[in-house]
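Enquirer:
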Amino acid sequence: MSQVTKVIFPNKPHLDPIVAYWVLLNYGQEKFGGIKEAGLAVWKAAKAPEAETLKDWQRNGIISFDIEGGTFDHHGSDNCTTFLVAQELGIDQNPEIQSLLRYVQEDDTAGLHNKFGDLAGILKCFYKRGDSTEDIIKFTLNVISALQFKEKQWETELKDEFNSKAKIFRIKRHKNKIKLAVIQSDNVDVANYAKQKEKIAVVIQRNSLGYTFIFTNAFYRLNIKDIVAAIRLREMELAGKTNINLSLLRKPGKTAEVQQWFFHDALNAMMNGSAALAQTPPTKIPLEEIVDMVVFGLSSDFPEHCPGPAQCPKHGCQYYKLLFSRCQK
Numbered sequence: 002m003s004q005v006t007k008v009i010f011p012n013k014p015h016l017d018p019i020v021a022y023w024v025l026l027n028y029g030q031e032k033f034g035g036i037k038e039a040g041l042a043v044w045k046a047a048k049a050p051e052a053e054t055l056k057d058w059q060r061n062g063i064i065s066f067d068i069e070g071g072t073f074d075h076h077g078s079d080n081c082t083t084f085l086v087a088q089e090l091g092i093d094q095n096p097e098i099q100s101l102l103r104y105v106q107e108d109d110t111a112g113l114h115n116k117f118g119d120l121a122g123i124l125k126c127f128y129k130r131g132d133s134t135e136d137i138i139k140f141t142l143n144v145i146s147a148l149q150f151k152e153k154q155w156e157t158e159l160k161d162e163f164n165s166k167a168k169i170f171r172i173k174r175h176k177n178k179i180k181l182a183v184i185q186s187d188n189v190d191v192a193n194y195a196k197q198k199e200k201i202a203v204v205i206q207r208n209s210l211g212y213t214f215i216f217t218n219a220f221y222r223l224n225i226k227d228i229v230a231a232i233r234l235r236e237m238e239l240a241g242k243t244n245i246n247l248s249l250l251r252k253p254g255k256t257a258e259v260q261q262w263f264f265h266d267a268l269n270a271m272m273n274g275s276a277a278l279a280q281t282p283p284t285k286i287p288l289e290e291i292v293d294m295v296v297f298g299l300s301s302d303f304p305e306h307c308p309g310p311a312q313c314p315k316h317g318c319q320y321y322k323l324l325f326s327r328c329q330k
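According to the numbering used here, the sequence shown is numbered sequentially starting from 2.
(1) Considering just the uninterrupted stretch of the beta strand (DSSP E) at isoleucine 63, what are its terminal residues?
(2) Taking one C-beta from the segment 30 to 46 and one from the segment 153 to 164 each time, how about it: are there three or more such pairs within less than 8 Å?
(3) With a Cβ-Cβ cutoff of 8 Å, do methionine 294 and phenylalanine 214 count as a contact?
(4) Just mark alanine 147 as buried or exposed, buried being the case when its beta carbon has 16 or more other beta carbons within 10 Å.
(5) Taking 8 Å as the cut-off, decide whether the C-beta atoms of leucine 90 and glycine 131 are in contact.
(6) On the three-pair Cβ rule with 8 Å, is the segment 208 to 225 touching the segment 263 to 270?
(7) Per the DSSP calculation, histidine 75 is bridged to which residue(s)?
(8) Three-state secondary structure (DSSP) at lysine 56?
(9) May I have a chain-ordered list of the beta strand (DSSP E) segments no shorter than 3 residues that lie completely inside the segment 228 to 276?
(10) So the alpha helix (DSSP H) proline 18 belongs to, where does it begin and stop?
(11) With distances taken Cα to Cα, identify the nearest neighbour of glycine 211 among Asn143, Ile291 and Ala257.
(12) Let me know the secondary structure DSSP gives asparagine 80 once reduced to three states.
(13) State the Cα-Cα distance for the pair aspartate 190 and lysine 255, rounded to the nearest angstrom.
(14) Within this structure, are the beta carbons of valine 105 and leucine 25 separated by less than 8 Å?
(15) I'd like to confirm the pairing. Which residues does DSSP put opposite threonine 213 in its beta bridges?
(16) Which residue or residues does DSSP assign as beta-bridge partners of phenylalanine 170?
(17) Along the chain, where does the alpha helix (DSSP H) that runs through valine 296 open and close?
(18) Figure out for me which residue from Ser209, Glu51 and Leu181 has the closest Cα to the Cα of phenylalanine 170.
(19) For lysine 198 and lysine 151, I'd like the C-alpha separation in whole angstroms.
(20) Quick check: what's the CA-CA separation for leucine 16 versus isoleucine 225?
(21) Rounded to whole angstroms, what is the Cα-Cα separation between leucine 120 and aspartate 227?
(22) Would proline 283 and glycine 274 qualify as a contact pair, given that the criterion is a beta-carbon distance under 8 Å?
(23) Go ahead and label cysteine 126 buried or exposed: buried means 16 or more other beta carbons lie within 10 angstroms of its beta carbon, across all protein chains shown.
(24) Taking asparagine 188 as the reference, give the member of Lys242, Ile205 and Ile179 with the closest Cα.
(25) Per DSSP, what are the beta-bridge partners of leucine 41 in this structure?
(26) Between phenylalanine 140 and glutamine 99, what straight-line distance do the alpha-carbon atoms span, to the nearest angstrom?
(27) If you run the structure through DSSP and keep just helix, strand and coil, what is leucine 102?
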């Protein structure tokens, strides 16, 4: 094709053709020269362009997205326009755009994301408000660029951080096994990467200042209240506190007796400090002990700690003293 002079969208383009345009802008300059400088236009006619019009577009360097018979037209195809563009450029297998391709494909073919807060739904709100198509396209391009910046970071920096620093434990939980990752890192995003990209059920992260965080993956619906209570009880023990209100140990938020730890009930996470709680002292509990408590609290089969009811050492057992429900039973 000659230099691209113009890009034509259907009237009120939804997410798919705009993302297709973003892919071409970011990956297609070599094959589609002039794409970044090309002007934008909208095909407002009620019917598809005539064959002669399409030929004229091709002769004059005009490309189109999601217009019947045009350059990137997915009508009659199982794939969305964005995938067709990625395929044309030979990047449909690139790892950094897989999440984006899946999202657009699902929205375009099944309408799975048209709910409040999702990008596809936001576009519809802008159209209903009467915003100009050009403004909406520019807004969407900007949002996608920001999201993909994060995606590339995940595929490079965070992937390397996880692979080099994470220690993985596999925990038997009922009929399945879940993965626990223990990571010593100052990167605040590595835990989210571990949960979303590596399907880690629980992440225990300690940074260089000694602050420790326990994050859970919502997919697994884990109950960590026993672990929350055990950690608080152990922290108080190390601080020499003996006046303990046991009813508060599983309470969400912070407790007066254990200022170091915040149980974030909505996130199902146990947090020792945060950006908003910068004055919180780091935990005194060794990382190995925290790992042991989490594993014991989640495992449905842990014979190395308790051979069975007949051999339970009761008050001499560290887990029994930390009030785990199974021990109390």
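Every residue gets a Cβ at the ideal spot worked out from N, C-alpha and C, and that includes glycine.
Remember, predicted model here, so these are calculated numbers, not experimental data.
Expert: Based on what the coordinates show:
(1) 63 to 65
(2) no
(3) Against a cut-off of 8 Å, the Cβ pair of phenylalanine 214 and methionine 294 comes out as no contact.
(4) exposed
(5) no
(6) yes
(7) Bridge partners of histidine 75: none, in fact.
(8) Lysine 56 carries a helical assignment under DSSP once its states are collapsed to helix, strand and coil.
(9) 254 to 256, 259 to 265 and 270 to 272
(10) The continuous alpha helix (DSSP H) containing proline 18 extends over residues 16 to 28.
(11) Ile291
(12) Looking at asparagine 80 - three-state DSSP - the assignment turns out to be coil, as it is neither helix nor strand.
(13) Put simply, the backbone Cα of aspartate 190 is about 23 Å away from that of lysine 255.
(14) no
(15) Arg207
(16) Leu181
(17) 288 to 299
(18) Leu181
(19) 13 Å
(20) 39 Å
(21) 38 Å
(22) In this structure, proline 283 sits near glycine 274, with a CB-CB distance shorter than 8 Å.
(23) exposed
(24) Ile205
(25) Val8
(26) 22 Å
(27) helix
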